[in-house]
Amino acid sequence: MSGVAKTGGPEDAVAAAGDLVVLSGVNKHFGALHVLQNIDLTIERGEVVVVIGPSGSGKSTLCRTINRLETIDSGEISIDGKPLPQEGKELARLRADVGMVFQSFNLFAHRTVLENVMLGQVKVRRKEKAAAEQHARKLLDRVGVGSQCDKYPAQLSGGQQQRVAIARALAMDPKVILFDEPTSALDPEMINEVLEVMQQLARDGMTMVVVTHEMGFARSAANRVVFMADGRIVEEATPEEFFNNPRSDRAKDFLSKIL
Ligand code: ADP
Ligand code: MG
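See below:
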């Protein structure tokens, strides 16, 4: 943990009852590039953790390792007390507990909005179609696109598509949702409608990891800010501490450029 200015959370690595996602000593290389360097990170149930840092610092890779879209070279990741295996049925089960919302929406283009939100429930969660449809309609209402059920993704605005993607993630009843720059591909006027849905989820107690450059969201919704640079967690703090009194030169430099 050398060089880490840690100002929030318990110092010991013993798994507590509230720990939902635990990364310990996680390392990942892309060839010669050491993209994740000894990452220790614990996310508690109900916590909203905002991950920020310069481009290329490893934020997306961090998210992708949490649901094994990327393998890791060493270390361990556990979800709700269960270690993530490299492959197999148990991996599929654990992965279903981790929702993911991407910058580029990634909806199925040839499925309607309703089908997009039903598919995982039927195929992965093995729900009856009628129950899946009912759940999907409820969630689409909740994110404000209930009237768009029969349209195809391309017929929706970017903000609407991203809200469908959030409904699709929610439909799996995940234990945690990872958001990787969910508003970065949106036109400015659509950013708030997506952030508002995310704010509401946070208030409802959803456990969330959010990679974002939206500092207003970080200030108002985050329980904790994790600042990454060069594949390391450089600083962890509450939003107040981080924005008002960043400790590391890297964080000061980063904040001076974006605020
Ligand atoms: P961030 O999301 O913080 O911008 P990334 O996690 O996307 O950073 O990338 C971290 C570093 O790893 C970057 O230098 C990027 O070019 C590199 N990288 C990401 N994905 C791959 C990949 N599949 N193969 C090789 N290098 C990659
Ligand atoms: Mg990224």
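Taking full-length UniProt numbering, the leading residue of the sequence shown gets 1, the next gets one more, and so forth. Positions of the beta carbon are idealized from the N, C-alpha and C atoms, including for glycine.
DSSP state of residue i, grouped into three classes?
i, result
"residue 10", "Because residue 10 carries a pLDDT of 42, less than 50, the predicted location of this residue cannot be relied on, and no value is offered for it."
"residue 243", "helix"
"residue 105", "coil"
"residue 197", "helix"
"residue 75", "strand"
"residue 172", "coil"
"residue 61", "helix"
"residue 1", "In this prediction, residue 1 has a pLDDT of 37, which is less than 50 and means its spatial position is unreliable; what the coordinates show is noted afterwards. If DSSP states are grouped into helix, strand and coil, residue 1 belongs with coil."
"residue 25", "strand"
"residue 84", "coil"
"residue 126", "coil"
"residue 139", "helix"
"residue 203", "helix"
"residue 265", "No information on residue 265 is available, as it lies outside the stretch 1 to 259 that the chain covers here."
"residue 18", "coil"
Could you tell me the boundaries of the beta strand (DSSP E) in which residue i lies?
i, result
"residue 52", "48-52"
"residue 44", "33-44"
"residue 215", "Where residue 215 is concerned, there is no enclosing beta strand (DSSP E), although the alpha helix (DSSP H) it sits in stretches over 215-221."
"residue 238", "From DSSP, residue 238 is part of no beta strand (DSSP E); its letter is neither H nor E."
"residue 207", "207-211"
"residue 224", "224-229"
Candidates the options: which alpha carbon is nearest residue i's?
i, options, result
"residue 126", "172, 235, 105, 183", "172"
"residue 219", "244, 40, 80, 142", "244"
"residue 121", "150, 143, 159, 167", "167"
"residue 150", "136, 51, 159, 210", "136"
"residue 46", "101, 20, 145, 248", "20"
"residue 76", "37, 107, 50", "37"
I'd like the span of the alpha helix (DSSP H) that includes residue i, first residue to last.
i, result
"residue 117", "113-123"
"residue 90", "89-96"
"residue 145", "Taken as a continuous stretch (DSSP letters only), residue 145 belongs to no alpha helix (DSSP H), as it is neither H nor E."
"residue 183", "Neither: residue 183 is in no alpha helix (DSSP H) and is coded neither H nor E."
"residue 249", "249-258"
Could you give the distance in angstroms between the alpha-carbon of residue i and the alpha-carbon of residue j?
i, j, result
"residue 109", "residue 152", "7 Å"
"residue 92", "residue 124", "9 Å"
"residue 207", "residue 194", "17 Å"
"residue 39", "residue 65", "11 Å"
"residue 163", "residue 55", "25 Å"
"residue 42", "residue 103", "24 Å"
"residue 192", "residue 61", "26 Å"
"residue 213", "residue 175", "24 Å"
"residue 211", "residue 80", "21 Å"
"residue 101", "residue 177", "7 Å"
"residue 154", "residue 116", "13 Å"
"residue 189", "residue 217", "15 Å"
Using the beta-carbon of each residue, find all residues closer than 5 Å to any heavy atom of the ligand ADP and list them in chain order. With the criterion CB distance below 5 Å from any heavy atom of the ligand ADP, the matching residues run 30, 35, 55, 56, 57, 58, 59, 60, 61 along the chain.
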